[in-house]
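Residue numbers (our numbering): 2 to 181.
Glycine residues also receive a C-beta, built at the ideal position from the N, C-alpha and C atoms.
Report on the structure given below.
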């Protein structure tokens with residue numbers, strides 16, 4: 002006798018029906034896990050976009066839009082009223098007006114005359130604390146006939162810029178500009 006030492010290693014390289022189905026099930030599980038992760042990421046992105054859209058809609062629902070214009074008074078076409086109107090969806094607060102002549106130098110003389118008349122109105126000089134959605138403020142500012150008597154046909158050449166600054170109820174600032 003003797004002792005025989007050795008290893009016997011037999012490998013089976015044959016794929017049986019059981020091993021194939023195990024591999025297919027494992028690959029399918031990995032594919033489902035990857036697709037589930039991709040779906041979760043896409044759902045998260047869509048939710049973030051939806052939250053952003055909802056926030057934008059909310060901001061637009063609160064956004065004021067303040068306009069400035071001159072119109073004849075209902076009593077007579079010669080009386081000119083200044084109109085400040087909020088035609089936005091939300092209330093405007095801390096409304097201020099910066100009124101400047103559009104012309105320069107000597108040409109701005111008539112513009113400065115009109116600006117002086119406009120700034121004699123408290124609501125333009127000191128601003129408006131609050132103006133609700135769809136609301137307006139108006140006030141008589143000058144007589145057109147008196148203005149023509151004072152400066153003549155130059156009244157038709159007057160151009161002034163009105164820069165309007167205001168906030169919504171959450172404190173977001175807005176600016177608009179009118180040219181008269």
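If I measure Cβ to Cβ from residue 155 and keep anything under 8 angstroms in the same chain, skipping five residues before and after, which residues do I get? Only 111 meet the Cβ criterion.
*Over what stretch of residues does the beta strand (DSSP E) that includes residue 132 continue unbroken?*
129-132 is the extent of the beta strand (DSSP E) around residue 132.
Nearest CA to the CA of residue 70: which residue from 176, 161 and 148? Cα-wise, what sits closest to residue 70 is 161.
Q.
To test your reading of the DSSP string, which unbroken beta strand (DSSP E) runs of 3 or more residues are found completely within the segment 117-177?
A. Qualifying beta strand (DSSP E) stretches, in chain order: 129-132, 137-144 and 161-168.
Residue nearest to residue 181 in terms of C-alpha spacing, selected from 133, 126 and 100
Selected option, being the one with the closest Cα: 100.
What do you reckon, are the CB atoms on residue 61 and residue 90 nearer than 8 angstroms?
Closer than 8 angstroms, so yes.
- Item | Cβ-Cβ separation, residue 130 to residue 87 (assumed contact under 8 angstroms), whole Å | Not really, about 13 angstroms apart at Cβ, beyond 8 angstroms.
Are there 16 or more other CB atoms within 10 angstroms of the CB of residue 119, so buried, or fewer, so exposed? Under this definition residue 119 is a buried residue.
I'd like to know whether the C-beta atoms of residue 96 and residue 52 end up nearer to each other than 8 angstroms. No, Cβ-Cβ distance for residue 96 and residue 52 is not below 8 angstroms.
(message) So for residue 29, helix, strand or coil by DSSP?
(response) In the three-state DSSP reduction, residue 29 falls in the helix class (H, G or I).
Leaving out five residues on either side along the sequence, give the residues of the same chain with a beta carbon under 7 angstroms from the beta carbon of residue 115. Only 159 and 161 meet the Cβ criterion.
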